[in-house]
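Undergrad: In the working numbering, the protein residues as written are 3 to 172. Built from N, CA and C at the ideal position, the CB exists for glycine as well. Here it is, the structure in full.
Pasting the structure below:
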């Protein structure tokens with residue numbers, strides 16, 4: 003563990019704030035600002051189930067064998083690099099970005115049709131790009147990201163990371 007810690011930049015986040023409700027975002031942001039604690043972006047999260055839809059001539063597949071906490075953003079998160087396909091443009095209302103790890107594990111390719119279930123909604127979309135994710139940067143990272151328009155009706159909680167030099171934040 004100490005070897006891994008020694009590879010982190012001195013200003014790396016060392017705490018996560020999770021399950022933040024939308025109604026608490028402003029007060030938490032104010033608290034952090036008043037205490038001069040710099041946070042990363044507040045990312046919305048919703049739990050999703052993804053099905054890879056069959057291409058012509060294929061049979062319907064089973065759902066991918068796990069749920070994913072998905073987020074949505076019009077900007078590529080820090081520490082992510084698009085390695086195939088393109089990032090979302092403008093007010094994009096379609097497509098998903100997935101980590102290259104998940105693409106390889108589940109045989110997902112650019113253009114593959116998928117169905118996403120979250121809350122009481124289902125959306126037909128496709129794999130728009132794959133990303134390399136820096137899992138070691140201690141920022142919130144996600145296997146699945148969509149453009150904001152796809153998840154606009156989603157119930158979400160929020161996550162952020164921050165660095166605190168103190169042992170406890172009160």
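Going straight from the alpha carbon of residue 101 to that of residue 152, what length do you get?
TA: Your numbering for residue 101 matches position 99 in the chain shown. Your numbering for residue 152 matches position 150 in the chain shown. Near 18 Å, if we compare the C-alpha coordinates of residue 152 and residue 101.
Undergrad: Mapping the DSSP letters down to three states, classify residue 112 as helix, strand or coil.
TA: Walking along the chain shown from the start, residue 112 turns up at place 110. It is coil, neither helix nor strand.
Undergrad: Would you call the segment 142-159 in contact with the segment 66-84, where contact means no fewer than 3 C-beta pairs closer than 8 Å?
TA: Contact holds: three or more Cβ-Cβ distances are below 8 Å.
Undergrad: If you measure between the beta carbons of residue 2 and residue 97, is that distance less than 8 Å?
TA: This structure does not reach residue 2, given that the chain is present from 3 up to 172, and the question cannot be answered.
Undergrad: Starting from residue 30 and walking both ways along the alpha helix (DSSP H), at which residues does that stretch end?
TA: For the purposes of this step, residue 30 is identified with residue 28 of the chain shown, where counting begins at 1. Unbroken alpha helix (DSSP H) run through residue 30: 27-36.
Undergrad: Which of the three DSSP states is assigned to residue 24 in this structure?
TA: Here residue 24 corresponds to residue number 22 of the chain shown, with the count starting at 1. Helix.
Undergrad: Is the beta carbon of residue 81 sitting closer than 8 Å to the one on residue 135?
TA: Position 79 of the chain shown, counted from the first residue, corresponds to residue 81. Position 133 of the chain shown, counted from the first residue, corresponds to residue 135. Their beta carbons are under 8 Å apart, which means residue 81 touches residue 135 by this criterion.
Undergrad: Can you have a look at residue 104 and say buried or exposed, based on whether 16 or more other CB atoms are within 10 angstroms of its CB?
TA: As a position in the chain shown, residue 104 is number 102, starting the count at 1. Burial call: buried.
Undergrad: Please confirm whether residue 166 and residue 39 have their CB atoms less than 8 Å apart.
TA: Start at 1 with the first residue of the chain shown, and residue 166 comes out as number 164. Start at 1 with the first residue of the chain shown, and residue 39 comes out as number 37. Cβ distance < 8 Å, so residue 166 and residue 39 count as in contact.
Undergrad: What do you reckon, are the CB atoms on residue 99 and residue 133 nearer than 8 Å?
TA: In the chain shown, counting from the first residue as 1, residue 99 sits at position 97. In the chain shown, counting from the first residue as 1, residue 133 sits at position 131. Yes, they are a contact pair.
Undergrad: Going by CA-CA distance only, name the one from 143, 162, 117 that's closest to residue 50.
TA: Numbered from 1 along the chain shown, position 48 holds the residue referred to as residue 50. Checked all of 143, 162, 117; the closest Cα to residue 50 is 117.
Undergrad: Between the C-alpha atoms of residue 83 and residue 143, what's the straight-line distance to the nearest angstrom?
TA: Residue mapping note: residue 83 aligns to position 81 of the chain shown, counting from 1. Residue mapping note: residue 143 aligns to position 141 of the chain shown, counting from 1. Cα to Cα, the separation comes out at about 12 Å.
Undergrad: Can you list, in chain order, the residues of its chain whose CB lies under 8 Å from that of residue 13, leaving out five sequence neighbours each side?
TA: Indexing the chain shown from 1 puts residue 13 at position 11. Excluding sequence neighbours, residue 13 sits near 165.
Undergrad: Compare the C-alpha of residue 48 against each of 32, 26, 55, 22 and name the closest.
TA: For the purposes of this step, residue 48 is identified with residue 46 of the chain shown, where counting begins at 1. For the residues 32, 26, 55, 22, the minimum Cα distance to residue 48 belongs to 22.
Undergrad: Cutting at 8 Å between CB atoms, please list the residues of its own chain near residue 108, excluding the five before and the five after it.
TA: Taking the chain shown and counting its residues from 1, one reaches residue 108 at position 106. Only 54, 66 meet the Cβ criterion.
Undergrad: Taking 6 Å as the limit between beta carbons, can you name the residues of its chain near residue 32, skipping five residues before and five after?
TA: Position 30 of the chain shown holds residue 32. Cβ neighbours of residue 32 beyond the five flanking positions: none.
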